[in-house]
Every structure is written in C-alpha cells, then in structure tokens.
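Each number in the working numbering corresponds to the 1-based position in the sequence shown with 879 added. C-beta: ideal position from N, C-alpha, C; glycine also. For clarity, every value in this text was computed on a predicted model and none was experimentally measured.
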Amino acid sequence: MAGYNRIIFMGNLTRDPESKQLSSGQSLCKLSIASNRQFKNRQTGQMVQEVCFVDVEVWGAQAESSQQYLKQGRSVLIEGRLKLDSWQDKEGQKRSKHSIVADRVVFLTNAAQAESSFGGQEYDAETTSETQIASEAEAPKKSRKKSSETSLDSTETSTNWENGGEVNFKDQKPFEDELPF
C-alpha cells in the first residue's frame, strides 16, 4: 500500500545552521527549529505553552542559501517529508527520532526584522515572506502604471499591498431564483 509522507512546519531557528560539503560535492545544511503551541487546559483553565523541537536537513542549493541567510531566531517555513533516524548510543541502547528532509525552505521575516530592514515601514501581518516584501517594494511602481491603464470591475480581484499582499475578491451579487428550497 502506498503512503503519503508530507509535512509543513513553521517555527524559529534555535541555533545557527550547520553546513557540510560531502565528498560527492553535495551540500547539506542542518537546522533545528522550535514551534510553539498555546492552548487552554480545560481542567485547570490555565494557558499551557507547548514547544516542539524538530531537526531539519536541507540539501543542494537550498542548503547553501540557508547557510548564507539564516541565523538563530529567524522564522522559517519548511515543506518536506518525515524521516526516522535510528542509532545506538554509547551504552548500546537503541535510539530513534524523527526529522524532516526539506524539499522547500521559505525564509520568513518577523515584523521587527522587516522594520529594521525596510526603513521603519510597519507591517500588519506578524510575519511576511521575503518575496512578499520584495513585491511590496515594487508595488507602487506597478500600481502607478496600471491605474492609468486599467480599472477593476466588480468581478476582478485587487491586491491590497498595505496589508501584506492580501488579495481582496470582489464577488458578484448572489444569484436569486424562484425555487422553493
């Protein structure tokens, strides 16, 4: 029976990336990520914070980019697959842990990092991807050209660049019929 092994994980780096160049020439970068979950305990009514630590392996060109641009505390989004690592410790005990082999790494920016990087601009979203930030910087240039050329009608979409690239869909009025149900 075929299975489906896919994971999407978002968190902050707990330490700087560690990279290696294998004898085959392949680059490997190891990341350690923590993700927080906060929930209310139904029995006590207290808020409980749970932290999940996961190790990530990044290969190839993404490994080199991760080593170059990521530092401890940086937010990242990882897409990949789960892998079970097994080994024997010094006492001869069998050990194992799950890790992620990344297919895609997205570098995220916290609002504080975005403010220092982009001259004090404020962002409404808690985190913004670097590609969104770059497209926001180019948006005023594009919008000036587009506003003079075309205008949106009620069926098209528009992008609100002030809200971190959020797409606003302008729907048509609901269809009304004479059916009794």
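Using a threshold of 9 Å, state whether the C-beta atoms of residue i and residue j are closer than that.
i, j, result
"Gly959", "Asp982", "yes"
"Leu956", "Val984", "yes"
"Asp934", "Lys976", "yes"
"Lys910", "Val937", "A small correction: the amino acid at residue 910 is Leu; Lys does not occupy that position in the sequence shown. For Leu910 and Val937, yes; Cβs fall inside 9 Å."
"Asn891", "Ile912", "yes"
Could you compute how far the alpha carbon of residue i sits from the alpha carbon of residue j?
i, j, result
"Gln925", "Gly971", "41 Å"
"Trp966", "Gln941", "27 Å"
"Gln946", "Phe888", "19 Å"
"Cys858", "Glu897", "Residue 858 lies beyond the residue range present for the chain, which begins at 880 and ends at 1060; the question has no answer from this structure."
"Glu929", "Asn915", "6 Å"
"Ile886", "Gln917", "20 Å"
"Val927", "Arg921", "10 Å"
"Glu943", "Ser978", "19 Å"
"Gly882", "Pro1059", "46 Å"
Helix, strand or coil: which one does DSSP assign to residue i?
i, result
"Ser944", "helix"
"Asn884", "coil"
"Lys962", "strand"
"Gln900", "strand"
"Arg921", "coil"
"Glu895", "The displayed chain sequence assigns Asp, not Glu, to residue 895. Note: Asp895 maps to coil in three-state DSSP."
"Ser1026", "Because the pLDDT of Ser1026 is 46, which lies under 50, any placement of that residue in the model is unreliable, and the number read from its coordinates should be weighed accordingly. Three-state result, Ser1026: helix."
"Leu949", "coil"
Return the first residue and the last residue of the beta strand (DSSP E) that residue i is part of.
i, result
"Asp968", "It is not in any beta strand (DSSP E) - Asp968 carries neither H nor E in the DSSP assignment."
"Glu936", "Met926 to Trp938"
Report buried or exposed for residue i, applying the criterion of at least 16 other Cβ atoms within 10 angstroms of its Cβ.
i, result
"Cys908", "buried"
"Ser954", "buried"
"Thr923", "exposed"
"Leu901", "exposed"
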